[in-house]
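Working notes for the structure below.
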Amino acid sequence: MSQEPREIRVRIDQLEKLLMFDYEPGTQDALFDICDAQGHIVKTGEVSGPVTRVRITDLDGEEYYLMVLDGEVSTVKPFQLRKAS
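Residue numbering for the sequence shown follows our numbering, beginning at 1396 and increasing consecutively.
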């Protein structure tokens, strides 16, 4: 069993105000946090892979971090609301 961080692909749907990320969880209780640039958690929820959708109408900053905690594995992906990679 690998403890390596997994790849996360983030997309932003500006029209629907949704953040979508591709992540196939390795455990049933994988969670995500979205943190602002200062490290404050602004959203949290359960990962519902393979694609998790998060409404972002209440996010007004630009730079954020998506953190996924999947059992013992933690993966962090920085993203910007204007463009995601």
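Glycine included, C-beta positions come from ideal geometry on N, C-alpha and C.
Residue i versus residue j - alpha carbon distance
i, j, result
"Val-1437", "Leu-1414", "13 Å"
"Gln-1423", "Val-1463", "13 Å"
"Met-1396", "Pro-1445", "In this prediction, Met-1396 scores a pLDDT of 48, lower than 50, which makes its location untrustworthy; no coordinate-derived value is stated."
"Arg-1450", "Leu-1476", "12 Å"
"Glu-1411", "Gly-1421", "28 Å"
"Ser-1480", "Phe-1474", "Here the model assigns Ser-1480 a pLDDT of 48, short of 50, so the residue's position is not dependable and the matter cannot be decided."
"Phe-1416", "His-1435", "20 Å"
Residue from the options with nearest C-alpha to residue i
i, options, result
"Tyr-1459", "Asp-1424, Ser-1443, Glu-1467, Val-1471", "Val-1471"
"Thr-1452", "Gln-1409, Arg-1401, Pro-1473", "Gln-1409"
Beta-carbon proximity list for residue i, same chain, < 6 Å, skipping 5 on both sides
i, result
"Ala-1425", "Val-1442, Asp-1465"
"Gln-1433", "none"
Beta-carbon spacing of residue i, residue j below 8 Å
i, j, result
"Asp-1428", "Gly-1456", "no"
"Thr-1439", "Tyr-1418", "no"
"Ile-1403", "Leu-1461", "yes"
Close-in-space but distant-in-sequence residues of the same chain around residue i (CB under 8 Å, 5 per side omitted)
i, result
"Arg-1401", "Tyr-1418, Glu-1419, Gly-1421, Val-1463, Asp-1465, Val-1468, Thr-1470"
7 Å CB neighbourhood of residue i in its chain, flanking five on each side removed
i, result
"Leu-1454", "Val-1437, Leu-1476"
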